[in-house]
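Engineer: Going from the sequence shown to the working numbering is simple: count from 1 and add 48. Think of the CB as a built atom: it goes at the ideal place given N, C-alpha and C, for glycine as much as any other residue.
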Amino acid sequence: MSANLYEIMQNRFGDKRDRPAIVTPEGGLWTYGDLDDLSARFAGLLRRYGVSPGARVVMQVDKSVGAVALYLGALRAGAIFIPLNTAYTDDEVDYFLKDARPQIFVCRPEGEEAAERLAAGAGVPFLKLMGTTPDNCFWAEALQADPDPDIEDYEEDDLAAILYTSGTTGKPKGAMLSHGNLSSNALTLLDYWAFEDGDVLLHALPVFHVHGLFVALNTAFLNASKVIFLEKFDVKLIRKYLPESTILMGVPTFYTRLLAEEDFGKEDCATMRLFISGSAPMTAQVHREFEDRTGHRILERYGMTEAGMITSNPYDGERIAGTVGFALPGVDVRVTDEEGNILPPGKTGVVEALGPNIFQGYWQMPEKTSEEFRDDGFFITGDVGSLDEEGRLTLEGRAKDLIISGGLNIYPKEIESCLDAVEGVRESAVIGIPDADFGEAVVAVIVPDGEIGEAKLKEVVGEKLARFKHPKIYHFMDELPRNTMGKVQKNLLRKLYTA
Ligand code: MCA
Ligand code: AMP
């Protein structure tokens, strides 16, 4: 059998074609048969536009069933699927198109003018528009195209997707994920989280990250589950559909926003089997409060774009707040010191992982790739933590200078470079401070060099960087605190501005 992820899905939902695959609040219903048909039409269309195996398909569109079918169509055609955050600015998209050199770029109708310019500049042969309904767009074109049922015959190592992830230095890197990476991880999770026939997934995450696309949708489709598909997280809609669902996957902000609803509790969760949290640390307090209010203990797991899911608290067994659980079956996790020596239980160091989930390297960056792997194949995650005697991992920080806001990763370096280039800024430091809603909020500390005000900084940042990366607060200082090595002491800044 082919290792193409789509073929594995099709084999599992093949005799359940009449079952609902996706339902929407607007009354939309797509069965597994419908999804199979629509993805075959997208595959045919992609092939017609010259998407051969290994060609890239870049998608930056709002969440829709069309977007999901395009993803599945790309898998079928053997394309490398590259979803982009809709919040990215033109400058950011320009970089991705030039780096990925796709055969086709599918964007939002309202972005057409800029996209034409960007696609032309990057030499992208085809530009297509896709809205959230099948009207007058690439989705409509797919509906009119003939289905092409062929599924590219692939090996496990053949690439399925590239997901861009920023870095502590320089520009974003494209993490190459193979069909084997995606299928092994999703199949492991099905088992580990005890998916059962009749499970209904409430889906409110974006479909351009590992969490919403691969963890949530791949597992649901492999289980032939119904997915209640919300455009985005909206606490009212979540409460409306929880009583028809059995599983919710979310970032901690989902849970703090649910708890902020005074009357949220057991009644909302009567049909629920499992609440899962990840992408950012969840506090013990939220864990406790959620359990007190609902009777459900949130299952926290830990993952990364480059690795999919790495560890998870157990389904049966103790889910301990503040820990991210055990290495998933088939995955090895260890903790090392800076030289790469393996540390014993209880000692804190860098978390490393090895397994069929670990990515194939960064797109066209062999040096960056080799820097992040040990000689024996372990991937150096950049997260800091410790294992206990039983093998439970507790994350205790990050070796990388990273802010996680509402489950989205923000690398200070990128914002600092943008701010430092503004006339009137001598230097800047960007930090994360605790935030009740987003977990962490971005704060910029500016050392001026002449006349510079917040308005100008906001204008420049607004042009260059996606909205979620924008500093929520600006502070001005005469100079940044530095240690004897000359390194900015961000811990002092964090302390100062948290207070
Ligand atoms: C929106 N804004 C944000 C964020 N989201 N600012 C900082 N951090 C964010 N995450 C901005 C908006 O542009 C808006 O700005 C203002 O903040 C308030 O927006 P709001 O309406 O409250 O936001 P929202 O639309 O409700 O979104 C919040 C959210 C969302 C539900 C937390 O960001 C979300 O769905 N996050 C999940 C991200 C995710 O899937 N992460 C997984 C990646 P203004 O009003 O000024 O315009 S990590 C991953 O995949 C790994 C493998 C893993 O382990 O899972
Ligand atoms: P990304 O690169 O966007 O895939 O984000 C991955 C990063 O999110 C990891 O390297 C961790 O720093 C963080 N992360 C994911 N899950 C958790 C969790 N449960 N607790 C703490 N941090 C997490």
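Between residue 213 and the ligand AMP, is the CB less than 6 Å from at least one heavy atom?
Structural biologist: Under cutoff, so the answer is yes.
Engineer: Please identify the residue among 272, 508, 442, 240 whose C-alpha is closest to the C-alpha of residue 68.
Structural biologist: 272
Engineer: Rounded to whole angstroms, what is the Cα-Cα separation between residue 183 and residue 177?
Structural biologist: Roughly 11 Å between the two C-alpha positions.
Engineer: Please look up how many angstroms separate the CB atoms of residue 58 and residue 99, rounded, as I've assumed it's under 8 Å.
Structural biologist: About 19 Å separates the two Cβ atoms, so there is no contact after all.
Engineer: How would you write the range of the alpha helix (DSSP H) that residue 56 sits in, first residue to last?
Structural biologist: 53-61
Engineer: Whole-angstrom Cβ separation of residue 494 and residue 473, contact assumed at under 8 Å?
Structural biologist: Sure, about 6 Å apart at Cβ, within 8 Å.
Engineer: In this structure, how does DSSP classify residue 404 when only helix, strand and coil are distinguished?
Structural biologist: coil
Engineer: Which stretch, first to last residue, makes up the beta strand (DSSP E) that contains residue 434?
Structural biologist: Run containing residue 434: 427-435, per the beta strand (DSSP E) assignment.
Engineer: Based on DSSP bridge pairs, tell me the residues matched to residue 274.
Structural biologist: 248
Engineer: Listed in chain order, which residues are found with a beta carbon closer than 6 Å to a heavy atom of the ligand MCA?
Structural biologist: 253, 254, 257, 258, 259, 260, 280, 281, 299, 301, 326, 327, 351, 352, 353, 453, 454, 455, 456, 486, 515, 516
Engineer: Going along the chain, which residues of its own chain have a beta-carbon closer than 7 Å to the beta-carbon of residue 475, five neighbours each way excluded?
Structural biologist: 468, 495, 528
Engineer: Measuring only the C-alpha atoms, how far is residue 142 from residue 439?
Structural biologist: 43 Å
Engineer: Could you tell me whether the region 96-110 touches the region 79-88, where touching means 3 or more Cβ pairs closer than 8 Å?
Structural biologist: Contact between the region 96-110 and the region 79-88 is absent, because fewer than three Cβ pairs lie under 8 Å.
Engineer: Should residue 488 be listed as close to the ligand AMP, given that the test is whether its C-beta is under 6 Å from any heavy atom?
Structural biologist: Checking every heavy atom of the ligand AMP against the Cβ of residue 488, none is found closer than 6 Å.
Engineer: Round the Cβ separation of residue 338 and residue 307 to the nearest angstrom and send it over; I've been treating them as touching at under 8 Å.
Structural biologist: 6 Å
Engineer: Below 8 Å on the Cβ atoms is my guess for residue 199 versus residue 124; work out the distance and round it to an integer in Å.
Structural biologist: 5 Å
Engineer: Pull up the distance between the alpha-carbon of residue 90 and that of residue 535, whole angstroms please.
Structural biologist: 51 Å
Engineer: So the candidates are 127, 161, 212; which of them puts its Cα closest to the Cα of residue 146?
Structural biologist: 212
Engineer: When you measure from the CB of residue 329 to every non-hydrogen atom of the ligand AMP, does any distance come out below 6 Å?
Structural biologist: yes
Engineer: Consider the C-beta atom of residue 348 and the heavy atoms of the ligand AMP; say whether any pair is separated by less than 6 Å.
Structural biologist: Yes.
Engineer: At a cut-off of 6 Å, would you count residue 372 as near the ligand AMP, judging by its Cβ distance to the nearest heavy atom?
Structural biologist: yes
Engineer: With hydrogens ignored, establish whether the beta-carbon of residue 435 is closer than 6 Å to any heavy atom of the ligand AMP.
Structural biologist: no
Engineer: Take the Cβ of residue 329 as the centre, count every other Cβ of all protein chains shown within 10 Å, and call the residue buried at 16 or more, exposed below.
Structural biologist: buried
Engineer: Measure the Cβ-Cβ separation of residue 193 and residue 93 and say whether it is below 7 Å.
Structural biologist: Yes, the pair counts as a contact, with Cβ atoms nearer than the cut-off.
Engineer: Would you mind stating whether residue 346 and residue 323 have Cβ atoms separated by less than 7 Å?
Structural biologist: yes
Engineer: Residue 74 to residue 280, Cα distance in whole Å?
Structural biologist: 13 Å
Engineer: How about the region 224-243 and the region 420-432: do they share at least three Cβ pairs that are nearer than 8 Å?
Structural biologist: The way I'd put it, the region 224-243 doesn't touch the region 420-432; fewer than three beta-carbon pairs between them come closer than 8 Å.
Engineer: Please report how far the alpha carbon of residue 388 lies from the alpha carbon of residue 430, in whole angstroms.
Structural biologist: 12 Å
Engineer: Any heavy atom of the ligand AMP closer than 6 Å to the beta-carbon of residue 225?
Structural biologist: Result no, Cβ not under 6 Å from the ligand AMP.
Engineer: Under the DSSP definition of a beta bridge, which residues are partnered with residue 30?
Structural biologist: No answer is possible for residue 30: it lies beyond the span of the chain, which begins at 49 and ends at 547.
Engineer: Could you tell me which residues DSSP pairs with residue 521 in its beta bridges?
Structural biologist: 491
Engineer: Report yes or no: is there a C-beta of chain D within less than 7 Å of the C-beta of residue 172?
Structural biologist: Included in the structure is just one protein chain, with no chain D present.
Engineer: Compute the Euclidean distance between the alpha carbons of residue 414 and residue 428, then round it to the nearest angstrom.
Structural biologist: 15 Å
Engineer: Would a C-beta distance cut-off of 7 Å place residue 361 and residue 343 closer than the cut-off?
Structural biologist: no
Engineer: So is residue 247 buried or exposed if we call it buried at 16+ other beta carbons inside 10 Å?
Structural biologist: buried
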